[in-house]
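Numbering (full-length UniProt numbering), first residue to last: 1 to 147.
Glycine included, each C-beta is placed from N, C-alpha and C at the ideal position.
The structure appears right after this line, and notes come after that.
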């Protein structure tokens with residue numbers, strides 16, 4: 001009879017140890033999930049702040065519509081907006097796609113002045129075409145992200 005109590009006590013001790021082990025694992029997992037959610041929220045807030053700054057700079061003429069559209073279209077994907085909202089701001093992606101063939105960075109620097117001027121004229125025409133669509137969308141986007 002004593003033997004059964006010893007075995008039962010041992011089984012209870014082992015099961016208690018297992019329960020404690022899994023409890024600790026679960027607590028760690030929950031903590032990691034909380035930290036990950038906080039990291040995601042911080043990244044989304046950084047993206048939203050960058051979008052606000054870019055859109056404001058674009059509307060104030062401090063950065064070209066093309067440059068702002070390229071950057072904003074990328075940042076929107078990390079801003080935590082739903083698909084409907086992203087569709088509302090698709091005009092940035094449209095201008096970015098329309099100007100995607102224009103060389104940038106080192107490829108731009110390597111171009112002769114005549115080609116640069118031709119691309120600038122083309123870019124300015126595309127920006128003028130999209131400006132009436134982008135301006136109100138940019139203003140709404142700034143207001144939306146300022147909430």
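Are residue 95 and residue 56 close, meaning C-beta to C-beta below 9 angstroms?
no
If distances are taken between C-alpha atoms only, which option among 81, 102, 103 comes closest to residue 145?
81
Could you tell me whether the segment 29-47 touches the segment 121-130, where touching means 3 or more Cβ pairs closer than 8 angstroms?
no
Three Cβ pairs or more, each shorter than 8 angstroms: is that satisfied between the segment 132-142 and the segment 83-98?
yes
Can you tell me whether residue 1 is buried or exposed, with buried defined as 16 or more other CB within 10 angstroms of its CB?
exposed
Buried or exposed by the 16-neighbour rule on C-beta atoms within 10 Å, applied to residue 79:
buried
Buried or exposed (CB count within 10 angstroms, at least 16 for buried), residue 48:
buried
Since residue 63 and residue 75 should fall inside the 8 angstroms C-beta cutoff, what is the C-beta to C-beta distance between them, to a whole number of angstroms?
Their Cβ separation, rounded to whole angstroms, is 13 angstroms, which puts residue 63 and residue 75 out of contact at 8 angstroms.
Is the beta carbon of residue 97 sitting closer than 9 angstroms to the one on residue 103?
no
Identify the continuous alpha helix (DSSP H) that holds residue 110 and give its terminal residues.
It is not in any alpha helix (DSSP H) - residue 110 carries neither H nor E in the DSSP assignment.
Contact defined as beta carbons within less than 8 angstroms: I believe residue 126 pairs with residue 99. What is the distance between those atoms, to the nearest angstrom?
6 angstroms
Run the CB neighbour count on residue 65, radius 10 Å, all protein chains shown included, and call it buried at 16 or more, exposed below.
buried
Looking only at its own chain, which residues have a Cβ that is under 8 angstroms from the Cβ of residue 50, when we skip the five neighbours before and after it?
71, 75
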